[in-house]
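Down below is the structure, laid out as structure tokens.
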Amino acid sequence: MPLLLNGVSAKEGNVVARSGEHPEILHTPVASRREVVCFDCQAVNKASARATSTQCANCGTFIDLRDVEIRERSTQRIRTRGNVTVHKKGSLLGTAVHCGSLIVEGSVAGSIYAQETVEFRTDAKILGEIRCRRLIIDRRVTLAGLQPIHLEFLELQGHLTGRIFASGVVHITRHGRFEGGLDAARVRVDPGGELQGPMRIGGRARTEEEENEEEDQEN
Ligand SMILES: [Zn+2]
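In terms of our numbering, the sequence shown has 175 at position 175, counting the first letter as 1, and numbering is strictly consecutive.
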């Protein structure tokens, strides 16, 4: 399929080149669509990559798709499937942020619900829960998660303390250090990486609810 697409754009490329337009247009798929998960019903919608909003086809919820840049203290309630960047002097004081992806260079304290990637480029203590597809903790960064963290993939280059539920791979790189409870489908620790705490690896990762049930039975 990718080969076919390449063939098509190569053909179109000649036409565009003749018309004198910017050659970069060749790299932009004509009808580029993105997947958008509804905030309310979690249905996966398709939207144009350039759309600034859409509506959930399943439940009708309005879904903002605009990117948000936070450069100062903000109490605004963020609910977008666009990308959110909290810059160095920015801080998000709200109780929760819903977004597509999130980059944290400033401060965030509430819960984080990201459809795609959350990347911490600076130290943080998150009082709420974190749910995302991929979590990246940069090198020399310390993240403390006080509530459970649910994700598919974790790339830990820095230091993380918390309770992780991973349905995919947890990757601890050379300088990475994890302390806490870990429930993961797969774990990869590079030489030099460190992992401390109770863990359960393989099979289907348990959910937080299942774990609480088990603890209740033990008590
Ligand atoms: Zn919906």
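Beta carbons are placed, not taken as given, at the ideal position from N, Cα and C, and that holds for glycine.
Check the Cα spacing between Gly-100 and each of Arg-131, Glu-194, Ala-109, Gly-106: the tightest is with Arg-131. In this structure, the CA atom of Ala-43 is about 15 Å from the CA atom of Leu-65.
In this chain, Arg-77 is not harboured by any beta strand (DSSP E), its DSSP state being neither H nor E. Distances taken from the Cβ of Asp-67 to the heavy atoms of ligand 1 include none shorter than 7 Å. Non-local C-beta neighbours of Arg-186 in its own chain, meaning closer than 6 Å and more than five positions away in sequence, comprise Val-169, ordered along the chain.
With contacts defined by Cβ atoms closer than 8 Å, Gly-193 and Thr-161 do not form a contacting pair. Along the length of the region 114–154, whole beta strand (DSSP E) runs at least 3 residues long occupy 117–120, 124–126, 134–137, 142–145, 149–151, reported in chain order. In this structure, Gly-106 sits away from Ile-164, with a CB-CB distance that is not shorter than 8 Å. By the beta-carbon neighbour count (other beta carbons within 10 angstroms, threshold 16), Thr-95 is exposed. Residue state for Asn-212 is assigned as helix, using DSSP reduced to three classes. Under the 10 Å beta carbon count, Phe-178 is surrounded by 16 or more other beta carbons and is classified as buried. Excluding residues up to 5 positions away in sequence, Gly-128, Glu-129 lie with their Cβ nearer than 6 Å to the Cβ of Gln-147 in the same chain. For Asp-64, the enclosing beta strand (DSSP E) covers residues 62–64.
Closest in alpha carbon position to Phe-153, among Leu-102, Ala-184, Met-199, Gly-82, is Ala-184.
Cβ contact annotation for Thr-52 (same chain, cutoff 7 Å, sequence separation greater than five): Leu-65, Arg-66, in chain order. Bounds of any beta strand (DSSP E) do not take in Thr-52, whose DSSP letter is neither H nor E. With a cutoff of 7 Å, Ala-51 does not count as near ligand 1, since its C-beta is closer than that to no heavy atom of the ligand.
Bridge partners of Arg-188 according to DSSP: His-171. For Asp-40, the shortest C-beta to heavy atom distance toward ligand 1 is below 7 Å.
Between the beta-carbon of Thr-80 and that of Val-68 there is about 6 Å, and that keeps the pair under the 8 Å contact cut. Annotated three-state conformation of Arg-71 is coil, per DSSP.
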